[in-house]
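Chains as they are written, first to last, in the numbering used here: chain B, 1 to 278; chain Z, 279 to 754.
Even glycine gets a Cβ: it sits at the ideal position worked out from N, Cα and C.
Each remark here refers to the structure printed beneath this line.
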Amino acid sequence: MFKILKKKELSDVVTLFEIDAKDIARKVQPGNFFVLKIHEQGERIPLTIADFDREKGTLTTVFQKVGKTTYHLGTLNEGVFIMDIIGPLGIPSHIENYGKVVCIGGGVGIAPVYPIARALKEAGNIIISIIGARTKNLIFWKEKMRNVSDELIVTTDDGSYGRKAVVTIPLDELLREDKDIKLVIAIGPAIMMKFVCRTTAKYNVKTIVSLNSIMVDATGMCGACRVEVGGETKFACVDGPEFDGHKVDFDQLMKRQQMYLDEEKIALERYREKYGIK
Amino acid sequence: MEGKKEEKKPKNRVKMREQDPLTRARNFNEVPYGYTPFDAVEEASRCLSCKRPTCREGCPVEVDIPGFISLIKERKFLEACYKVKGKNALPAVCGRVCPQEIQCESLCILGKKGEPVAIGNLERFVADYEAEKGEIKVPEKPKPTGRKVVIIGSGPGGLTCAADLAKSGHQVTLFEALQKPGGVLIYGIPEFRLPKVIVEREVEYIKKLGVELILDAVIGKLYTVDELLNDKGYDACFIATGAGLPIFMGILGENLNGIYSANEFLTRANLMKAYLFPEYDTPIKRGKKVAVFGGGNVAMDSARVALRLGAERVYLIYRRSEAEMPARKAEVHHAYEEGIEFLLLTNPTRFIDDGKGNVCGVECIKMELGEPDESGRRRPVPIKGSEFQIEIDIAIPALGTRANPLLTKTMPDLKLNKRGYIVAEEETGMTSKLGVFAGGDIVTGAATVILAMGAGKKAARAINEYLKWKYWDFKS
Ligand SMILES: Cc1cc2nc3c(=O)[nH]c(=O)nc-3n(C[C@H](O)[C@H](O)[C@H](O)COP(=O)(O)OP(=O)(O)OC[C@H]3O[C@@H](n4cnc5c(N)ncnc54)[C@H](O)[C@@H]3O)c2cc1C
Ligand SMILES: Cc1cc2nc3c(=O)[nH]c(=O)nc-3n(C[C@H](O)[C@H](O)[C@H](O)COP(=O)(O)OP(=O)(O)OC[C@H]3O[C@@H](n4cnc5c(N)ncnc54)[C@H](O)[C@@H]3O)c2cc1C
Ligand code: SF4
Ligand code: SF4
Ligand code: FES
């Protein structure tokens with residue numbers, strides 16, 4: 001059982017939890033994720049570890065309410081226990097001094113990109129961060145990102161905050177003007193990562209993406225999370241979740257993410273009816 | 279009862295009553311009902327109580343077969359159960375899933391002329407009887423030795439080793455990666471073959487022996503084995519992590535939606551209880567036409583689960599003939615009865631996309647048996663030009679598993695074979711790494727429950743010796 005120590009609403013649909021998980025906190029590294037299951041009937045879902053405190057023994061995670069499990073999670077309050085948390089999972093991010101790196105966080109992807117940006121900064125890199133979302137109230141952690149970046153660019157699709165653009169527009173400009181950029185890291189919706197990779201491919205800049213395929217065990221046992229990378233089948237949970245974005249078959253990833261659309265709708269509607277949520 | 283009196287030693291074994299095939303094909307309740315006490319005594323009376331019982335040689339955990347059967351004859355059912363449990367901590371499981379026809383029963387003397395004694399059915403009966411009576415006896419706690427042993431993986435191998443070591447007075451901690459203990463018994467073998475309450479009951483017994491069980495702990499990630507041995511003060515370690523990595527066929531279209539590894543399909547259905555969706559949150563696709571590939575227990579289980587999830591037609595596609603199927607005979611028979619359609623000597627060549635990323639068909643090719651291969655079985659070879667297509671909406675490759683490298687790759691000093699399995703001595707489970715033993719599927723490759731238990735038992739014995747002498751001599 002894992003206690004929620006702190007809860008913070010970052011926007012209408014994005015929530016932060018700080019969770020008591022000493023053993024996992026001891027071992028976690030940037031790029032790791034965990035799997036949680038709220039209660040006996042629950043499903044196992046993966047969430048990235050967005051921050052951690054080894055002394056206090058805590059993990060921070062930031063999640064967006066998109067379906068039954070994440071909505072339910074959002075109703076849990078401080079002091080409540082989550083039944084199962086399994087981690088740290090996935091291969092940690094590779095951290096070294098590349099020189100200049102662009103870190104891109106789209107939507108809730110801002111949270112997982114943060115600890116990577118911080119670690120890269122600590123390793124001596126110059127960090128340019130781009131964070132973007134559909135609209136203003138979906139942007140969070142602007143200050144935190146600024147603290148670990150040499151430059152921060154904020155975009156919204158509707159122009160309600162920062163620059164009116166999708167993240168690939170400032171990215172394209174940066175790559176065009178600055179030949180020193182050695183690496184781009186992008187975490188966000190599959191479609192965003194796909195277009196980031198298209199952009200960086202034009203300039204031949206290495207790009208790392210973190211894939212959010214559907215997972216069950218997240219230890220390599222089931223193959224639910226399989227993705228095609230460079231024509232080979234990989235398991236995102238154990239071979240990743242980070243991969244060379246130029247080799248990823250994003251269209252297949254997006255199709256596989258939609259495998260349970262019908263069931264997800266049923267689950268969410270049933271949940272809303274039961275609790276009278278609109 | 280009249281008319282039965284004179285037949286003191288009935289020739290044929292007493293059959294277990296079963297649910298009607300067409301009814302059970304639509305529910306998840308257990309297929310056989312088990313023996314009544316009357317049936318059990320009747321079946322037990324067939325046993326000759328041989329002086330030199332050959333049957334025992336077929337049991338990897340050395341159950342005293344004539345001993346417990348004699349107690350059944352005397353209607354001492356509880357004593358019979360305790361007798362079994364002296365050697366086997368999981369009798370209700372083994373009675374149900376051991377491939378008895380190639381283990382104990384294959385060596386029963388009666389099998390020479392007729393049907394061997396139904397040892398498995400009797401074992402199941404005494405275990406269920408004990409549970410029903412609610413008189414689970416826990417052996418007295420031995421004097422603590424002060425030694426600590428850590429076991430990784432709570433499948434049958436890990437559970438058996440844990441039970442034996444706890445009985446020897448060691449402090450035992452058992453780590454399991456999933457949220458429930460039992461390994462394949464929980465996530466793989468379906469409810470209708472092995473009800474989960476039975477696994478839970480057997481695990482409770484092991485906890486009562488004093489074993490500390492820690493779930494949700496992926497060793498290799500949460501702790502390394504070195505951390506456990508050096509920092510956490512464990513004196514020895516037993517690795518029984520199973521062979522959990524699914525094999526795909528490497529044919530075109532294999533990542534289309536609707537194609538599940540058997541592991542995923544069964545884990546969703548069994549561990550996550552997706553057959554109860556939306557009461558349970560985990561979804562599973564309920565196909566109308568399902569193809570399962572393979573001929574082992576895993577393939578049979580997948581096919582029968584698909585049927586119970588409401589499929590209209592389930593094809594079992596296997597590249598050899600029925601004689602070569604590695605599945606338990608009883609399960610092949612059950613699958614036939616329930617209406618699974620067997621397409622033998624057939625192999626898939628590619629999956630067909632419906633244009634939206636979902637599987638809508640599979641192309642297969644007919645096979646014929648050629649020359650025998652290394653395994654001595656005749657090798658299937660494709661018949662040119664015999665391709666044909668079947669319409670399906672779910673496909674489940676069940677072609678076996680490989681070693682999961684998640685833990686072993688954190689142990690560079692552990693010797694593996696070229697397929698990634700741990701190299702361990704057969705009689706002791708001793709590995710190349712000081713204080714580390716291994717057994718079960720992670721050593722042998724996918725095998726059986728009882729072989730994993732046998733390995734757990736041998737390792738427990740060897741660990742006992744090691745803890746006394748700290749002597750390590752690994753040759754291999
Ligand atoms: C490695 C990894 C890290 C992730 N980190 C974060 C994070 O930090 N913050 C965050 O908000 N989200 C993260 N996600 C996505 C998150 O797991 C899904 O949003 C969540 O599972 C949705 O569950 P649901 O029941 O609320 O929604 P549903 O209605 O069930 O699903 C909504 C969408 O989420 C995806 N999804 C559903 N079930 C799963 C599952 N079991 N595993 C993975 N994806 C699923 C599907 O694409 C689906 O269309 C991550 C995913 C992965 C694989
Ligand atoms: C569907 C199916 C049906 C079968 N039917 C039969 C049958 O009828 N009869 C029969 O005799 N055999 C059957 N088998 C085979 C049998 O189940 C296995 O041979 C047996 O379970 C192997 O036992 P084990 O202890 O080696 O490992 P497993 O049962 O595989 O258990 C290993 C456990 O270790 C855990 N683990 C793995 N890695 C880690 C880690 N890093 N840290 C912590 N824990 C970890 C796993 O989660 C798992 O719980 C079947 C197998 C399957 C898949
Ligand atoms: S444990 Fe298995 S092999 Fe041994 S006696 Fe029982 S059924 Fe037979
Ligand atoms: S060999 Fe058969 S008849 Fe003889 S003791 Fe064993 S079970 Fe009984
Ligand atoms: S989630 Fe099961 S193998 Fe990756």
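Fully enclosed alpha helix (DSSP H) runs of no fewer than 4 residues occupy 190-203 and 236-239 of the region 185-252 of chain B, in order along the chain. Setting aside the 5 residues that flank it on each side, V428 of chain Z is surrounded in the same chain by T451, L506, Y512 and C515, each with a C-beta closer than 6 Å to its C-beta; the list follows chain order. Interface residue (Cβ-Cβ distance to chain Z less than 8 Å): G223 of chain B is classified as such. Annotated three-state conformation of G389 of chain Z is helix, per DSSP. Contact annotation for E43 of chain B against chain Z: M550, D559 and T560 [CB-CB distance below 7 Å, chain order]. The residues G435, G707, G717, G718 and V721, in chain order, have a CB closer than 7 Å to that of A733 of chain Z in the same chain once the five nearest residues on each side in sequence are set aside.
Set against 7 Å, the gap from the CB of I467 of chain Z to the closest heavy atom of ligand 3 is not smaller. Of all residues in the region 242-268 of chain B, the ones placed with a Cβ closer than 9 Å to any Cβ belonging to chain Z are D249, D251, Q252, M254, K255, R256, Q258, M259, Y260, D262, E263, E264, I266 and A267, in chain order.
For P524 of chain Z, the C-beta contacts it makes with chain B under 8 Å involve M221, C222 and G223, in order along the chain.
Under DSSP, D751 of chain Z takes part in no beta bridge, so it has no partner. Fewer than three Cβ pairs drawn from the region 459-477 of chain Z and the region 353-364 of chain Z lie within less than 8 Å of each other, which leaves the two stretches out of contact. E454 of chain Z has its CB nearer than 7 Å to a heavy atom of ligand 2. Relative to ligand 4, even the nearest heavy atom lies 7 Å or more away from the CB of L349 of chain Z. The beta carbon of C325 of chain Z sits closer than 6 Å to those of I347 and V395, all from its chain and outside the five residues before and after it, given in chain order.
Look at Y114 of chain B here: in three-state DSSP terms it is helix. Under the Cβ criterion (8 Å, minimum of three pairs), the region 137-155 of chain B does not count as touching the region 72-82 of chain B.
Judged by beta-carbon spacing, V184 of chain B lies within the 8 Å limit of I104 of chain B, meaning their Cβ atoms are closer than that value. Restricted to the region 453-525 of chain Z, the alpha helix (DSSP H) segments that are unbroken, complete and at least 4 residues in length are 462-465 and 474-486, listed in chain order.
Residues of the region 76-97 of chain B that bring their beta carbon within less than 8 Å of a beta carbon in chain Z comprise M83, D84, I85, I86, G87, P88 and L89, in sequence order. Under the DSSP assignment, F306 of chain Z falls outside any beta strand (DSSP E); it carries neither an H nor an E label.
Sequence-ordered contacts of the region 23-47 of chain B with chain Z read D23, I24, K27, K37, Q41, G42, E43 and R44 [C-beta pairs closer than 8 Å]. Annotation for V583 of chain Z: P468 and A547 place their beta carbon closer than 6 Å to its own, counting only its chain and skipping 5 residues before and after. The residues G498 and T502, in chain order, have a CB closer than 6 Å to that of T688 of chain Z in the same chain once the five nearest residues on each side in sequence are set aside. If you draw a straight line from the Cα of G398 of chain Z to the Cα of G392 of chain Z, it is about 17 Å long. Annotation for A725 of chain Z indicates a beta carbon within 7 Å of some heavy atom of ligand 2. For the pair of segments examined, the region 587-594 of chain Z was found to touch the region 613-621 of chain Z: the number of CB pairs separated by less than 8 Å reaches three.
Within its own chain, the residues whose Cβ lies closer than 7 Å to the Cβ of P331 of chain Z, once the five positions on either side in sequence are excluded, are I343 and P344, listed in chain order. The three-state reading of DSSP puts I139 of chain B in coil, since its state is none of H, G, I, E or B. Between the C-alpha atoms of H72 of chain B and F666 of chain Z there is a straight-line separation of about 47 Å. Rounded to whole angstroms, the Cβ separation of I130 of chain B and V167 of chain B is 5 Å, and the two are in contact under 8 Å. Considering only beta carbons, no part of the region 725-736 of chain Z lies closer than 8 Å to chain B.
Unbroken alpha helix (DSSP H) stretches of 4 residues or longer found wholly inside the region 76-106 of chain B: none. In its chain, beyond the 5 residues on either side, I24, K27, V28, Q29, N32, F33, F34 and I49 have a beta carbon closer than 8 Å to the beta carbon of P88 of chain B.
For Y114 of chain B, the closest C-alpha among the options B:S160, B:M193, B:G99 and B:G188 is that of B:G188.
Its chain contains no residue whose beta carbon lies nearer than 6 Å to that of E557 of chain Z once the 5 sequence neighbours on both sides are disregarded.
Proximity of L692 of chain Z to chain B, defined by a Cβ-Cβ separation below 8 Å, is not satisfied.
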